Amino acid sequence: MDRVQESAAPSSSRGLRLAGAAVHLYTAAGTVVGLLIVLAAIEGEIRTALWLFLLALFIDGTDGMLARRFRVKETIPWFDGALLDNIVDYLTYVFAPVVLLWTTGSLPDGVLGWVIAALPLLASSYQFCRVDAKLVGSTGDDHFFLGFPSYWNVVAFYAIVLDASPTVVALALVVFSVLVFVPVRYLYPSRMTTLRRTTLVLSALWAVTYVVLLLQYPEPHPAVVALSLAYLVYYNGLSVWLTVTGALARRRSVEGGERLREV
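Sequential numbering from 30 applies to the sequence shown in my numbering.
Following this line, the structure appears as structure tokens:
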């Protein structure tokens with residue numbers, strides 16, 4: 030009996046390692062998606078690039094869940110999956126969207142356009158290197174992004190689908206680049222407990238509006254636009270609310286600790 034259990038354990042470990050390797054390969058596939066987005070942007074295939082944005086979002090939204098399911102940190106401890114994830118995210122969330130904005134003429138002409146294009150690249154380079162870019166809440170349950178979480182793919186999507194002028198796009202890039210440095214705690218939808226079900230359902234509905242808007246492009250229906258933007262209001266509103274309530278809770282905790290020390 031003992032020999033049977035001993036032989037089963039290595040087989041199980043090998044299976045988990047293979048599953049973990051497959052998860053890492055799945056994540057790494059995002060680099061190929063990033064290349065395809067850049068190529069589509071250069072070739073003027075705007076719809077293709079926007080569809081690939083959605084594919085990149087899907088991969089990024091599911092690989093972490095798979096990594097936790099197959100315990101990749103335990104089975105392949107020498108491989109840094111978090112670093113791989115950051116590399117892929119920078120390509121698909123930052124670099125490729127800026128290329129698409131540039132090739133579609135969504136940015137101002139001349140030197141100003143180059144400067145505006147550089148802002149997301151530089152701001153996100155800073156953010157991706159911060160050790161506290163991803164935070165755990167005081168309860169240990171909720172997870173957050175510190176500062177605007179480099180959703181430049183989403184910014185580029187709305188800029189193109191809504192046919193925003195270069196001036197509006199430039200202002201958006203400046204504002205969101207600044208928000209990278211503002212310590213608001215933004216929702217990490219797949220790793221939240223507060224309003225988790227509501228957030229995941231609304232995130233899924235937002236993905237549906239993404240598909241509908243892309244099918245309607247270049248003439249999006251106002252109702253679908255409003256529904257899509259409503260999710261952004263929810264996401265940002267809840268992020269600010271949790272940031273403020275969390276800060277107040279931490280302040281009360283500190284003040285309570287000081288009173289105890291005085292006693």
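Backbone N, C-alpha and C fix where the C-beta goes; we use that ideal spot for every residue, glycine too.
Nothing here was measured: the structure is a model prediction, and the numbers come from that model.
Q | Option in Arg46, Ala146 and Leu113 with minimal Cα separation from Arg98 | A | Taking the sequence shown and counting its residues from 1, one reaches residue 98 at position 69. If we check each option's Cα against that of Arg98, Arg46 comes out closest.
Q: Tell me His172's beta-bridge partners as DSSP assigns them.
A: To locate residue 172, count along the sequence shown from 1; it is residue 143. The partner list for His172 (beta bridge, DSSP) reads Val165.
Q) Measuring CA to CA, which of Val190, Val203 and Ala69 is closest to Val254? A) The residue labelled residue 254 in the question sits at position 225 within the sequence shown. Distances from the alpha-carbon of Val254 to those of Val190, Val203 and Ala69 put Val190 closest.
Q | For Arg43, the three-state DSSP class (helix, strand or coil) | A | Here residue 43 corresponds to residue number 14 of the sequence shown, with the count starting at 1. Arg43: helix per DSSP, three-state reduction.
(Q) Measuring straight from C-alpha to C-alpha, what distance separates Leu258 and Thr238? (A) On the sequence shown, position 229 is the one that residue 258 refers to. On the sequence shown, position 209 is the one that residue 238 refers to. Their backbone Cα atoms lie some 9 Å apart in a straight line.
Q: Please list, in chain order, all residues of the same chain as Arg220 whose beta carbon is under 6 Å from its beta carbon, the five residues on each side excluded.
A: Reading the sequence shown from its first residue, position 191 is the one you call residue 220. Excluding the 5 residues flanking it on each side, Arg220 has same chain C-beta neighbours closer than 6 Å at His172, in chain order.
Q) Whose C-alpha, out of Arg214, Leu234 and Ala193, is nearest the C-alpha of Asp161? A) For this step, residue 161 is matched to residue 132 along the sequence shown. Ranking the options by Cα distance to Asp161, first place goes to Arg214.
Q. Across which residues does DSSP place Tyr239 in a beta bridge pair?
A. Walking along the sequence shown from the start, residue 239 turns up at place 210. Partner(s): none; Tyr239 has no beta bridge.
**Q.** Rounded Cβ spacing between Ala201 and Val184 (contact assumed at less than 8 Å)
**A.** As a working mapping, residue 201 is identified with position 172 in the sequence shown. As a working mapping, residue 184 is identified with position 155 in the sequence shown. Cβ atoms of Ala201 and Val184 come within 8 Å of each other, at about 6 Å.
Q. Residues in its own chain within less than 8 Å of Ser36 by CB, not counting five upstream and five downstream?
A. For the purposes of this step, residue 36 is taken as residue 7 along the sequence shown, with counting starting at 1. The predicted model places Ser36 with a pLDDT of 42, which falls under 50 and marks its position as unreliable, so this point remains unresolved.
Q | Whole runs of the alpha helix (DSSP H) within the region 84 to 133, excluding any shorter than 4 residues | A | Runs found: 101 to 104, 110 to 118 and 125 to 132.
**Q.** Same chain, Cβ closer than 7 Å to Val269, neighbours up to 5 away in sequence not counted
**A.** For the purposes of this step, residue 269 is taken as residue 240 along the sequence shown, with counting starting at 1. Contacts found: Val213.
Q. Counting pairs of Cβ atoms below 8 Å between the region 58 to 68 and the region 123 to 136, do you hit three or more?
A. At 8 Å Cβ cutoff, the stretches touch.
Q. So what does DSSP say about Arg214, is it helix, strand or coil?
A. One-based indexing of the sequence shown puts residue 214 at position 185. Here DSSP, grouped into helix, strand and coil, assigns Arg214 to strand.
Q: Find the nearest neighbour of Leu234 within the set Leu224, Tyr217 and Leu256, judged by alpha-carbon distance.
A: Taking the first residue of the sequence shown as position 1, residue 234 is located at position 205. Residue Leu256 is the option with its Cα nearest to Leu234.
**Q.** Distance between Pro218 and Lys102 (C-alpha atoms, nearest Å)
**A.** To locate residue 102, count along the sequence shown from 1; it is residue 73. To locate residue 218, count along the sequence shown from 1; it is residue 189. Separation of Lys102 and Pro218 (C-alpha to C-alpha, rounded to the nearest whole angstrom) is 21 Å.
**Q.** Any non-hydrogen atom of the ligand FAD within 8 Å of Asp171 CB
**A.** Among the components of this structure there are no ligands whatsoever, and the ligand FAD is therefore not found.
Q: Would you tell me roughly how many angstroms separate the C-alpha atoms of Val117 and Thr56, rounded to the nearest one?
A: Position 88 of the sequence shown, counted from the first residue, corresponds to residue 117. Position 27 of the sequence shown, counted from the first residue, corresponds to residue 56. Within the model, the alpha-carbon separation for Val117 versus Thr56 is close to 7 Å.
Q: Output the boundary residues of the alpha helix (DSSP H) element that contains Pro149.
A: Taking the sequence shown and counting its residues from 1, one reaches residue 149 at position 120. Run containing Pro149: Gly139 to Phe157, per the alpha helix (DSSP H) assignment.
**Q.** Chain-order list of residues whose beta-carbon lies under 7 Å from that of Leu136 (same chain, five-residue window excluded)
**A.** Within the sequence shown, residue 136 is the residue found at index 107, counting from 1. Correct list, in chain order: Leu130, Gly142, Ile145, Ala146, Pro195, Val198 and Ala199.
Q) Leaving out five residues before and five after Thr272 in sequence, what residues of the same chain have Cβ atoms less than 6 Å from its Cβ? A) Position 243 of the sequence shown, counting from 1, holds the residue named residue 272. For Thr272, same chain residues with a beta-carbon under 6 Å away, outside a window of 5 residues either side, are Val213 and Arg214 in chain order.
Q) Terminal residues of the continuous alpha helix (DSSP H) containing Thr196? A) Translated into positions along the sequence shown, residue 196 becomes position 167. First-last of the alpha helix (DSSP H) with Thr196: Pro195 to Leu208.
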